[in-house]
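*Asks:*
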Amino acid sequence: MAKKDAKASTRPSKPSKQPNPVWRMMGLPNFHFRLPSRNWMIFLTITGSWTAAVLYDRREKKRIQRKWTKLVEHIAQEPLDTHQLPRKLSVYMSAPPADGLVPARNHFHEYVKPILVVAALDWDAVEGRKEGDVQAGLAERIRRFRRKMGEQASKAPESDLEEVLEESRRRAGVLGPEGTAGDIVIGRHAWKEYVRGLHEGWLGPLDPPEQLDATQASALIDASSISAQDASPPPSIASPADDASPTAIHENPASQELEKSKEEENKHKMKKQPLPYNSTADYSISTLSPNCPSELPPAAVIPLPHLLGFLNFPIRMYRFLNRRKVADEIGRQTAAAVLAAYRPFDGPGELRLDLELENAKVLDDEHGPRWEQERLLRHEESEWHKSVLEHKDGYEKERVWMDDMVLDSRIAGRMRKFELSPEAEDQANKVAIEKEEPWWKSIWPNTEKKKEAWEDL
Numbered sequence: 000m001a002k003k004d005a006k007a008s009t010r011p012s013k014p015s016k017q018p019n020p021v022w023r024m025m026g027l028p029n030f031h032f033r034l035p036s037r038n039w040m041i042f043l044t045i046t047g048s049w050t051a052a053v054l055y056d057r058r059e060k061k062r063i064q065r066k067w068t069k070l071v072e073h074i075a076q077e078p079l080d081t082h083q084l085p086r087k088l089s090v091y092m093s094a095p096p097a098d099g100l101v102p103a104r105n106h107f108h109e110y111v112k113p114i115l116v117v118a119a120l121d122w123d124a125v126e127g128r129k130e131g132d133v134q135a136g137l138a139e140r141i142r143r144f145r146r147k148m149g150e151q152a153s154k155a156p157e158s159d160l161e162e163v164l165e166e167s168r169r170r171a172g173v174l175g176p177e178g179t180a181g182d183i184v185i186g187r188h189a190w191k192e193y194v195r196g197l198h199e200g201w202l203g204p205l206d207p208p209e210q211l212d213a214t215q216a217s218a219l220i221d222a223s224s225i226s227a228q229d230a231s232p233p234p235s236i237a238s239p240a241d242d243a244s245p246t247a248i249h250e251n252p253a254s255q256e257l258e259k260s261k262e263e264e265n266k267h268k269m270k271k272q273p274l275p276y277n278s279t280a281d282y283s284i285s286t287l288s289p290n291c292p293s294e295l296p297p298a299a300v301i302p303l304p305h306l307l308g309f310l311n312f313p314i315r316m317y318r319f320l321n322r323r324k325v326a327d328e329i330g331r332q333t334a335a336a337v338l339a340a341y342r343p344f345d346g347p348g349e350l351r352l353d354l355e356l357e358n359a360k361v362l363d364d365e366h367g368p369r370w371e372q373e374r375l376l377r378h379e380e381s382e383w384h385k386s387v388l389e390h391k392d393g394y395e396k397e398r399v400w401m402d403d404m405v406l407d408s409r410i411a412g413r414m415r416k417f418e419l420s421p422e423a424e425d426q427a428n429k430v431a432i433e434k435e436e437p438w439w440k441s442i443w444p445n446t447e448k449k450k451e452a453w454e455d456l
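Under numbering that gives the first Met the number 0, the first residue of the sequence shown carries the number 0, and numbering increases by one thereafter.
(1) Hey, Ala326 and Lys60: beta-carbon distance below 7 Å or not?
(2) How close, in whole Å, do the beta carbons of Ile114 and Val337 come, if the pair is a contact with beta carbons under 8 Å?
(3) Run through DSSP, which three-state label would Asp221 get?
(4) Would you list the one or two residues that DSSP bridges to Tyr276?
(5) In whole angstroms, what separates the C-alpha of Ile45 from that of Ala52?
(6) Whose CA, out of Gly181, His198, Pro208 and Leu375, lies closest to the CA of Ala152?
(7) Over what stretch of residues does the alpha helix (DSSP H) that includes Lys385 continue unbroken?
(8) Looking only at its chain, what residues have a beta carbon closer than 6 Å to the beta carbon of Ser217, apart from the 5 residues adjacent to it on each side?
(9) Between the C-alpha atoms of Pro232 and Met148, what's the straight-line distance to the nearest angstrom?
(10) Per DSSP, what kind of secondary structure is Ser381 in: helix, strand or coil?
(11) I need the straight-line Cα distance from Leu164 to Val173, nearest angstrom please.
(12) With a threshold of 16 other CB atoms inside 10 Å of the CB of Asp345, please say whether the residue is buried or exposed.
(13) Measure the alpha-carbon distance for Arg323 versus Gln332 and round it to whole angstroms.
(14) How many whole angstroms separate the CB atoms of Arg342 and Glu418, which I take to be in contact at a CB cut-off of 8 Å?
(15) Starting from Asp56, follow its DSSP beta bridges and name the residues at the other end.
(16) Is it a yes or a no for the stretch 36-50 touching the stretch 290-307, going by three-plus beta-carbon pairs under 8 Å?
(17) If the criterion is Cβ atoms closer than 7 Å, does the pair Val405 and Thr279 meet it?
(18) In this structure, does DSSP put Leu174 in helix, strand or coil?
(19) Apart from the five residues just before and just after Asp229, which ones in its own chain have a Cβ nearer than 6 Å to its Cβ?
(20) Can you give, in chain order, each stretch of the beta strand (DSSP E) that sits fully within the stretch 404-435 and has at least 3 residues?
(21) Run through DSSP, which three-state label would Trp49 get?
(22) Is the beta carbon of Leu376 less than 7 Å from the beta carbon of Asp56?
(23) Comparing C-alpha positions only, which one of Lys416, Pro292, Arg33 and Leu120 sits nearest to Val300?
(24) When DSSP builds the beta bridges, which residues end up paired with Lys87?
(25) Can the beta-carbon of Asp407 be found less than 7 Å from the beta-carbon of Tyr282?
(26) Check whether the Cβ atoms of Val133 and Val125 lie closer than 7 Å to each other.
(27) Check the DSSP bridge columns for Ile41 and list the partner residues they point to.
(28) What residue from Arg374, Glu382 and Val194 has the CA that sits closest to Leu310's CA?
(29) Note down the Cα distance separating His73 from Tyr110, rounded to an integer number of angstroms.
(30) How should Leu27 be labelled, buried or exposed, when 16 other C-beta atoms within 10 angstroms of its C-beta is the threshold for buried?
(31) Looking at the structure shown, is Glu72 part of a helix, part of a strand, or coil, going by DSSP?
(32) Looking at C-alpha atoms only, which residue of Glu349, Arg187, Gln272 and Gly200 is the closest neighbour of Leu379?
Structure below.
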């Protein structure tokens, strides 16, 4: 038995299979196909799953955006006079709390702009880099319209670029845009400023709030300078050795004056945010402008999911993989604005608002919203950075983002909301069901020739 085992151990092993000579001729190594190791399996599983989830979400997002663009693309085919401006929408966006303006711009370019471009609509943007810019911009637009309609102000307004463009177009015979004007507001913070700007523009005065006169301001400056001189210690007497020392610095007064003049010029060039012309407490005693229309331009409120913080990384990762849901919601709102389908906002006692409040278990009038405008995108406030929610002692400026939304029935009853009709939404869903061509057909050009009319005879 031992002899048999010895013979088996000395038996020559089976020679390995020779590699394909093609690989050797090409200078490539011999490939041995085998299962990857445990670590490689873990790595490939994680990276493959993440890549598949990202690619699936991006493909679905493009399909959803194509659904809404197909719904509005017929508007671009409508004829337009050569002397007629296309329909224009106004876009209001502001920097998210504790962040810059770039995320809001990217959000607009990624979700809203493709639908507007396909429909061949024009738009102008009102951007805010800090809290209150959107409110001031909208209120100034409304005051400019009121002055144009003949309302008198104590001070004549300065001519701006918009008035110059309107005058040049009028002389050239260019007609203004036709159709329903509307606004697109991005984010809850911009929506609160938008509502506050409407009330300031239509209920506030045309004249700016009273400020210090030039004489009063100069007197205050002189008094502060005198008090500073009294509080400063007496100047020390410099010795000749100090003047002759190499470390002594001799400043030219002329250069100092030039630097001060340049700083003042730069300060004047920078636009400062004006103070609000009224407050929320003045709504009840304010008179509505006689030029206020019975229906204000409709508005579409676009969600802006923006979450900061390292601990919120799992939520941000989930949202990164579910951008198709955001594209569907924003596409619906933007398509409604393009198709000019709108309705009035629900007020106190409306059936639709009462049902939503009942489903949300908010039945108390003190805690629940009375108007639909107060409820829109209310969940975004809980995601704002904590630095925005802090109450600063001695801060007297109005905090539009922090304060509760205050509505006047004269303005809130005139506001309208863009909302897609059920027929248009069914049409969009039919477009989404249509079969699409596979991606590999775009690699080869289509060589099929269309038959002429006489070839079928």
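Ideal placement from N, C-alpha and C gives every residue a C-beta, glycine not left out.
*Replies:* On the basis of the data shown:
(1) yes
(2) 6 Å
(3) Since pLDDT at Asp221 reaches only 44, below the 50 mark, its modelled position is unreliable, and the value read off the structure follows with that caveat. Helix.
(4) For Tyr276, DSSP assigns no beta-bridge partner whatsoever.
(5) 11 Å
(6) Pro208
(7) Here the alpha helix (DSSP H) through Lys385 covers Lys385 to Leu388.
(8) For Ser217, the predicted model reports a pLDDT of 43, less than 50, meaning its position is unreliable and no value from the coordinates is stated.
(9) Its pLDDT being 42, under 50, Pro232 is placed unreliably in this model, and the value from its coordinates should be taken loosely. One Cα belongs to Pro232, the other to Met148, and the distance between them is close to 60 Å.
(10) Under the three-state reduction of DSSP, Ser381 is assigned to helix.
(11) Here the C-alpha atom of Leu164 lies approximately 11 Å from the C-alpha atom of Val173.
(12) buried
(13) 14 Å
(14) 5 Å
(15) Residue pairing by DSSP leaves Asp56 without any beta bridge partner.
(16) These segments do not touch.
(17) yes
(18) strand
(19) Caution applies to Asp229, whose pLDDT of 43 falls short of 50 and renders its modelled position unreliable; the model cannot decide the point.
(20) 415-417
(21) helix
(22) Cβ distance not < 7 Å, so Leu376 and Asp56 don't count as in contact.
(23) Lys416
(24) Asp121
(25) yes
(26) yes
(27) None, per the DSSP bridge assignment.
(28) Glu382
(29) 19 Å
(30) exposed
(31) Glu72: helix per DSSP, three-state reduction.
(32) Per the sequence shown, the amino acid found at residue 379 is Glu instead of Leu. That would be Arg187, whose Cα lies nearest to the Cα of Glu379.
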